[in-house]
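Student:
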Amino acid sequence: MTVIDQIFYKVAEIAIPHFFITVEFSASGTEMPEHIEAFLQEKYEAILRGASGRKFIYKEGEWRLIFTFFPTDRVIDERYALKNKIQMINKVQMKSKS
Numbered sequence: 003m004t005v006i007d008q009i010f011y012k013v014a015e016i017a018i019p020h021f022f023i024t025v026e027f028s029a030s031g032t033e034m035p036e037h038i039e040a041f042l043q044e045k046y047e048a049i050l051r052g053a054s055g056r057k058f059i060y061k062e063g064e065w066r067l068i069f070t071f072f073p074t075d076r077v078i079d080e081r082y083a084l085k086n087k088i089q090m091i092n093k094v095q096m097k098s099k100s
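Positions 3 to 100 (this note's numbering) are the ones given, in order, by the sequence shown.
Shown next, in the form of structure tokens:
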């Protein structure tokens, strides 16, 4: 199992009530990050205290991970919808072809 697979499993095992968490790999490393669970718990508590953001960047060693908290009890906010990500990727691809 790769380190990336281990990270996916780790995130899936962490109990964060009422949220589904995704992870994007902005930069990768070779060693398993050790403090993912504490980071996610801290960000969950910040959300409970009223933080409006749902995207959090985690850095440890060579790793740079982007975690997004999606609530499971309501429709996803428009700014986090997958269609926006696809549109952004298409724009970048079109610019690089020019």
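All residues carry an ideal CB built from backbone N, CA and C; glycine is no exception.
1. Alpha carbon to alpha carbon, how far is tyrosine 11 from serine 54?
2. With glutamate 39 as the anchor, note down where its beta strand (DSSP E) starts and where it stops.
3. So what's glutamate 80 in DSSP terms, helix, strand or just coil?
4. By Cβ distance below 6 Å, which residues in the same chain neighbour isoleucine 38 in space, the five residues on each side in sequence not counted?
5. What are the residues that DSSP puts in a beta bridge with proline 73?
6. Tell me whether glutamate 64 sits in a helix, a strand or coil according to DSSP, three-state version.
7. Looking only at DSSP bridge pairs, what is alanine 29 linked to?
8. Let's test the definition: count the other Cβ atoms within 10 Å of the Cβ of leucine 42 and tell me whether it reaches 16, buried, or not, exposed.
Tutor: Reading it off the structure:
1. Taking the first residue of the sequence shown as 1, we reach residue 11 at position 9. Taking the first residue of the sequence shown as 1, we reach residue 54 at position 52. C-alpha separation (whole angstroms): 27 Å.
2. Taking the sequence shown and counting its residues from 1, the one referred to as residue 39 is at position 37. That residue, glutamate 39, is in no beta strand (DSSP E); its alpha helix (DSSP H) goes 38-50.
3. Looking up residue 80 in the sequence shown gives position 78. Reduced to three states, the DSSP call for glutamate 80 is helix.
4. Along the sequence shown, read from residue 1 onward, the residue named residue 38 stands at position 36. Closer than 6 Å at the Cβ level, and outside the excluded window around isoleucine 38, lie Lys12.
5. Numbered from 1 along the sequence shown, position 71 holds the residue referred to as residue 73. DSSP, once it has assigned bridges, lists Phe21 as partnering proline 73.
6. Here residue 64 refers to the residue found at position 62 of the sequence shown. Looking at glutamate 64 - three-state DSSP - the assignment turns out to be coil, as it is neither helix nor strand.
7. Within the sequence shown, the letter at position 27 stands for residue 29. Beta-bridge annotation (DSSP): alanine 29 is paired with Arg66.
8. If you number the sequence shown from 1, residue 42 lands on position 40. Leucine 42 is buried by the Cβ-count criterion.
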